[in-house]
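Undergrad: Once you've had a glance at the structure underneath, I'll fire off some questions.
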Ligand SMILES: Nc1nc2c(ncn2[C@@H]2O[C@H](COP(=O)(O)OP(=O)(O)O)[C@@H](O)[C@H]2O)c(=O)[nH]1
Ligand SMILES: [Mg+2]
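Numbering (our numbering), first residue to last: 9 to 367.
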């Protein structure tokens, strides 16, 4: 990241932090504090990337049997993850995209034990990879447990993998989350740690099982502040999509514009482009791509500045003063002005207008 880009993000980050602190002091509504916290997390992530090619981690979470692995296979363009009605163990599976030239065989798999012992495999087909993943991902491996499996390939069929994505399947993590909050076992600790490292969070529920108590608690405790893309899978089991949308909003408190209705099974069965589109998976894929773009300094700056502006605007209307000190405001506005594009002009105009509404 260039120094200018870094400053851009840093100045905005500091301003949002000042607002967040103020919101805590004046007891602003929880939703306002949540939105500011989400912004802080995002800006922190953007600052933490070393450069454009640093990998972006995309993780899927949710109870067993939500079709998570089926969906990821679709997004990967290769059937390498085990899908079954019987839940797997807690092995995490990561798919990394690497240039074909750096591989000895089309597929490289590493099976990593709890004690960090690594077992490497070279495979020539997705079927062979699937067999290895199935074998090591679904049971204990002698005395120690398989902690993680990493699959490296070019993933030429996958749009997401081309953007330096790392796709993470988390079978069994949800079992850890469902334990009582006070009881932070090793499993829970590990799963929560993993969540912190994920840049784009996908939360997956099922159209035919909306709103169980444990799932709602899971969302509230561990997902909400990560601002996930919420996936309602199994939409093939529903005939009334508007009703399904309303139900998920009501049950989980999802933001409406963060919901995607999909059927990973229909995507899998699709034989042409039209059927694929109808499954909802391609539009989910586009949404994830947009989210990845927002992790770059420029797009990230504007999207966070706009969100910040919306928070400030709402609070001005509610007569709550969350405005950071002038010096902090001026720093990121000056940085934005120095970009000198039409986009930056519009964004700056908007934020100045919002700020003036406080006086
Ligand atoms: N009807 C329907 N079944 C699905 C869909 N996606 C997955 N399944 C089935 O649901 C079961 C669990 O899928 P899996 O991907 O292993 O779920 P996971 O445990 O969340 O990873 C499998 O038998 C899948 O074939 C879907 O969109 N619709
Ligand atoms: Mg699975």
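Don't be surprised by glycine CBs; every beta carbon is placed ideally from N, CA and C.
1) Would you mind working out which of 16, 13, 40 sits nearest residue 5, comparing C-alpha positions?
2) Closer than 7 Å to a non-hydrogen atom of ligand 1 - does that hold for the CB of residue 69?
3) Answer with buried or exposed for residue 33, where buried requires no fewer than 16 other C-beta atoms within 10 angstroms of its C-beta.
4) Within 10 angstroms of the Cβ of residue 268, are there 16 or more other Cβ atoms? Answer buried if so, exposed if not.
5) Tell me whether residue 76 counts as near ligand 2, meaning its Cβ is closer than 7 Å to at least one heavy atom of that ligand.
6) Going by the beta-carbon positions, is the gap between residue 49 and residue 172 smaller than 8 Å?
7) Can you give me the Cβ contacts of residue 305 inside the same chain, cut-off strictly under 7 Å, excluding the 5 residues immediately before and after it?
8) Kindly list the residues whose CB is nearer than 8 Å to the CB of residue 188, restricted to its own chain and excluding five residues on each side of it in sequence; keep chain order.
9) Provide the residue(s) that pair with residue 160 in DSSP beta bridges, ordered along the chain.
10) Which stretch, first to last residue, makes up the beta strand (DSSP E) that contains residue 129?
11) In three-state terms, what does DSSP make of residue 235?
12) Go through its chain and collect everything with a Cβ distance to residue 25's Cβ below 7 Å, but skip five positions before and after it.
13) What residues are listed by DSSP as bridge partners for residue 368?
14) Can you check which of these residues, 132, 366, 258, is closest to residue 114 by C-alpha distance?
15) Could you have a look at residue 206 and say whether DSSP puts it in helix, strand or coil?
16) Going by C-alpha to C-alpha distance, which of 169, 100, 282, 257 sits closest to residue 154?
17) Alpha carbon to alpha carbon, how far is residue 252 from residue 341? Give it in angstroms, no decimals.
18) Alpha carbon to alpha carbon, how far is residue 246 from residue 366? Give it in angstroms, no decimals.
19) Tell me whether residue 192 sits in a helix, a strand or coil according to DSSP, three-state version.
20) Whose C-alpha, out of 273, 225, 294, 161, is nearest the C-alpha of residue 266?
21) Near residue 112, what residues of its chain come up, given a Cβ to Cβ distance below 6 Å and the 5 sequence neighbours on each side ignored?
22) Cβ-heavy atom distance between residue 93 and ligand 1 below 7 Å?
23) Do residue 103 and residue 57 have their C-beta atoms within less than 8 Å of each other?
24) Grouping DSSP H, G and I as helix and E and B as strand, with all else coil, what is residue 39?
25) How many angstroms separate the CA atom of residue 345 from the CA atom of residue 351?
26) Among the candidates 280, 161, 291, 73, whose CA atom is the shortest distance from the CA of residue 217?
27) Rounded to whole angstroms, what is the Cα-Cα separation between residue 339 and residue 301?
28) I'd like to check one pair, residue 75 with residue 272: are the Cβ atoms closer than 8 Å?
29) May I ask which residues mark the beginning and end of the beta strand (DSSP E) holding residue 288?
30) Give me whichever residues DSSP pairs with residue 68 in a beta bridge.
31) Which runs of the beta strand (DSSP E) fall wholly inside the segment 325-351 and span at least 3 residues, in chain order?
32) Three Cβ pairs or more, each shorter than 8 Å: is that satisfied between the segment 276-289 and the segment 313-331?
33) When DSSP builds the beta bridges, which residues end up paired with residue 154?
34) Under 7 Å: does the beta carbon of residue 242 sit that close to some heavy atom of ligand 1?
TA: Concretely, from the data shown:
1) The requested residue 5 does not occur in the structure, where the chain is confined to residues 9 to 367.
2) Residue 69: no, Cβ never under 7 Å from ligand 1.
3) Counting Cβ neighbours within 10 Å, residue 33 comes out exposed, since fewer than 16 surround it.
4) Around the C-beta of residue 268, 16 or more other C-beta atoms lie within 10 Å, and the residue is accordingly described as buried.
5) Checking every heavy atom of ligand 2 against the Cβ of residue 76, one is found closer than 7 Å.
6) No; because the gap between Cβ atoms is not below 8 Å, this pair is not in contact.
7) The answer, listed in chain order, is 9, 13, 16, 17, 54.
8) A caution first: residue 188 carries a pLDDT of 49, below 50, which makes its placement in the model unreliable, though a value can still be read off. The answer is none, since no qualifying residue turns up.
9) 104, 116, per the DSSP bridge assignment.
10) In the DSSP assignment, residue 129 falls within the unbroken beta strand (DSSP E) covering 126-131.
11) In the structure shown, residue 235 sits in coil (DSSP, three-state: anything other than H, G, I, E or B).
12) The residues are 48.
13) In this structure the chain extends from 9 to 367, so residue 368 is not present and cannot be described.
14) It is 132 whose Cα lies nearest to the Cα of residue 114.
15) Taken through DSSP and simplified to helix, strand or coil, residue 206 comes out as coil.
16) For the residues 169, 100, 282, 257, the minimum Cα distance to residue 154 belongs to 100.
17) Residue 341 and residue 252 have their C-alpha atoms some 42 Å from each other.
18) Rounded to the nearest angstrom, the gap between the Cα atoms of residue 366 and residue 246 is 47 Å.
19) Because residue 192 sits at a pLDDT of 48, beneath the cut-off of 50, its placement in the model cannot be relied upon, and the following sentence gives the value as read from the coordinates. Correct three-state label for residue 192: coil.
20) The residue with the shortest Cα to Cα distance from residue 266 is 294.
21) Excluding residues within five positions, the ones whose Cβ falls inside 6 Å are 130.
22) Distances between the C-beta of residue 93 and the heavy atoms of ligand 1 include at least one below 7 Å.
23) No, these two residues do not count as a Cβ contact at 8 Å.
24) It is helical.
25) Linking residue 345 to residue 351 through their CA atoms gives a straight-line distance of about 10 Å.
26) Looking at the Cα atoms, 73 is the closest of the given residues.
27) Each residue's alpha carbon lies about 24 Å from the other.
28) Result yes, Cβ atoms of residue 272 and residue 75 sit closer than 8 Å.
29) DSSP places residue 288 in no beta strand (DSSP E); its state is neither H nor E.
30) DSSP output for residue 68 lists 177, 210 as bridge partner(s).
31) Those beta strand (DSSP E) runs which fall completely within the segment 325-351 and span 3+ residues do not exist here.
32) Segments in contact, no.
33) According to DSSP, which records beta bridges pairwise, residue 154 is partnered with 121.
34) Indeed, a heavy atom of ligand 1 lies less than 7 Å from the Cβ.
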